[in-house]
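*Asks:* Please read through the structure below; I'll follow up with questions.
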Amino acid sequence: MEVTVIGCGYVGLVTATCLASIGHTVRGVEKDQRKLRALQDGQCPIFEPGLQELMREHHASGQLQFTDNVAEALGDAEVVFLAVGTPPRPDGTVDMSYLESAGKEVCDALAAADGREIVTIVVKSTVPAGTNRRLHAMLRAQANAQVLVVSNPEFLREGSAVKDFLEPDRIVIGGESPEAFRIMRRLYDPIVKREENFLTMNWESAELTKYAANCMLAARISFMNEMTILCEHYGADIEDIRKGIGSDYRIGPAFLRAGCGYGGSCFPKDVAAMEHISRAAGHESLFVHAIQTVNRTQKRRFVQRLVDKLDRPIQGAIIAVWGLAFKADTDDIRESPALDVIADLLERGARVRATDPKALEHMKAVYGNRVEWFIDPVSCAAGADAVALLTDWPQYSTLPFRKIAATMNQPLIFDGRNCLHRDVMRESGFQYYPIGRPAVERAVRAKQRA
């Protein structure tokens, strides 16, 4: 099938590349000229495992092309994806201006085109309930073609987006046209493994499904983070609790790992939007509000614990931050806990150092020379009063910890992702503070006495 994808950000580029990989001819539209030049040169502007290779392969074959011209990209496309950003405004509501602009461009191009019979417009962007219905009314009134509008929310996880797209556990299609459902079923045929996983519903149900999914996952994280407070008070271990409840088939193990808070491009934005969507319906969602409150509190608690455990005042203390991306296997720092933790430390007068294998340049653009930047965690920690580990990069668990401890002013590690092993920390002479788990303190005291 001929497919156009408008917006080649994270979701749009993964969508365009993966659709090309399953046999469709895809044209991607990108207005940012710097990003467009990179795409046209076969360079992937984002870090996502497997995406660069897949994009380069299908761009070289001609199956995947990029332009900044919407009318040119539409060509004979049967399906047009709108995958532009819907960022949060300062008050948490959804900024729809990019989607509205893209919709108008498509509408103008279709109005000027001759001989078009039917076009399926697919909204991939995360949008509030009622958006697709309004878009359908606008396009039907103005476009010179029969337009079918479909809501097709994405459920991609950064770090495994290619796999998630090509091996989906479900595909959600919202619309009101049986013909649109048939077209989308044909589009996704190569990756639909079981018919019951191809879910059709009305526009509003599909729109709310996306928000509900992210709120549910964020709620699980916030619940476990709330439990860490009790664990630290009573001497329980959040990892034992995670296994104990995760083995219950009614609950399952996913998204039960406690830490210093969730981040990323989806959870914070969508949970905040859900609160406003509820308010627009005349309902104050105490539950959704609590998810956000716990997440904010968890980041503040992390810093306060670090301050409390230091053997010196935080003013002037050197804190080494390991990990800036909101999770491993991505360079995305959007709403990353590191943003808030670093801001809090700087406000308290700490001297902050930071390192990350992929996200360093993005965070440099935020903090500039207010933070000292390091390529590797070993040099970052040398001479520091404490380490704050904020991203669970796997390489952080295999570092030469004895060497690191010997170079620090005070061998303290605050593990915001519970990804280090307590026995290794003890044997390396570290004072170690995970979240919701027993700390390691005695080994350090014994070493100091010796």
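So the sequence shown is numbered by our numbering: it starts at 1 and just counts up by one.
Just so you know, even glycine gets a beta-carbon here, dropped at the ideal spot from N, CA and C.
The structure presented is a predicted model; accordingly, all values stated were derived computationally and were not measured.
Taking the alpha carbon of V123 as the reference point, which residue from T15, A111, L36 and Q40 has its own alpha carbon closest?
*Replies:* Comparing Cα-Cα distances from V123 to each of T15, A111, L36 and Q40, the minimum goes to T15.
*Asks:* Are the beta-carbon atoms of I404 and A439 separated by less than 8 Å?
*Replies:* Cβ atoms of I404 and A439: not closer than 8 Å.
*Asks:* Does the beta-carbon distance from R296 to V321 come in below 8 Å?
*Replies:* Not a contact, by the Cβ cut-off of 8 Å.
*Asks:* Counting only the same chain and skipping the five closest in sequence on each side, list residues whose C-beta sits under 6 Å from that of I183.
*Replies:* The answer, listed in chain order, is T120.
*Asks:* Would you kindly check if the distance between the Cβ of C260 and the Cβ of Q298 is under 8 Å?
*Replies:* Result yes, Cβ atoms of Q298 and C260 sit closer than 8 Å.
*Asks:* What residues in its chain sit with their C-beta under 6 Å from that of R445, if we drop five residues either side in the sequence?
*Replies:* Interpretation of R445 is limited by its pLDDT of 41, a score under 50 that renders its predicted location unreliable; no figure is taken from the coordinates.
*Asks:* Can you give the Cα-Cα distance for A317 and P434, rounded to whole angstroms?
*Replies:* Distance between the alpha carbons of A317 and P434 is about 20 Å.
*Asks:* By how many angstroms is the C-alpha of P357 removed from the C-alpha of V307?
*Replies:* One C-alpha to the other measures close to 26 Å.
*Asks:* So G264 and R334 are in contact, right, with Cβ under 8 Å, and what is the actual spacing, rounded?
*Replies:* Right, their Cβ atoms sit about 6 Å apart.
*Asks:* Going along the chain, which residues of its own chain have a beta-carbon closer than 8 Å to the beta-carbon of R351, five neighbours each way excluded?
*Replies:* Correct list, in chain order: G316, A317, I318, I319 and E372.
*Asks:* For chain B, is any of its Cβ atoms less than 8 Å away from the one on S285?
*Replies:* Absence of chain B from the displayed structure is noted, only one protein chain being present.
*Asks:* Just mark Q410 as buried or exposed, buried being the case when its beta carbon has 16 or more other beta carbons within 10 Å.
*Replies:* Buried.
*Asks:* Locate the alpha helix (DSSP H) running through M363, then write down its first and last residues.
*Replies:* Segment L360 to Y367, the alpha helix (DSSP H) holding M363.
*Asks:* With H, G and I counted as helix, E and B as strand and the rest as coil, what does DSSP make of F155?
*Replies:* Reduced to three states, the DSSP call for F155 is coil.
*Asks:* Where does V122 sit, in a helix, a strand or coil, going by DSSP?
*Replies:* Three-state result, V122: strand.
*Asks:* Tell me which same chain residues have a C-beta within less than 8 Å of the C-beta of G92, skipping the five on either side of it?
*Replies:* Counting only Cβ-Cβ distances below 8 Å, and skipping sequence neighbours, we find A272, A273, E275 and H276.
*Asks:* Which first and last residues belong to the alpha helix (DSSP H) in which I238 is found?
*Replies:* Its alpha helix (DSSP H) spans residues I238 to G246.
*Asks:* On the premise that Y211 lies in contact with D270, defined as a C-beta separation below 8 Å, what is that separation, rounded to the nearest angstrom?
*Replies:* At roughly 5 Å, the Cβ-Cβ gap stays under 8 Å, so D270 and Y211 are in contact.
*Asks:* Note down the Cα distance separating K447 from E53, rounded to an integer number of angstroms.
*Replies:* In this prediction, K447 has a pLDDT of 41, which is less than 50 and means its spatial position is unreliable; what the coordinates show is noted afterwards. Computed Cα separation, rounded: 49 Å.
*Asks:* Measure how close the beta-carbons of T4 and L74 come, nearest whole angstrom, since I'm counting them as under 8 Å.
*Replies:* Right, their Cβ atoms sit about 6 Å apart.
*Asks:* To the nearest whole angstrom, what separates the beta carbons of V378 and P400, a pair I think is in contact under 8 Å?
*Replies:* About 7 Å; that satisfies the 8 Å criterion.
*Asks:* Report the CB separation of C8 from E30 in whole angstroms; it is logged as a contact under 8 Å.
*Replies:* Confirmed, about 4 Å.
*Asks:* Just the Cα atoms here: how many angstroms apart are A365 and K104?
*Replies:* Whole-angstrom Cα-Cα distance: 33 Å.
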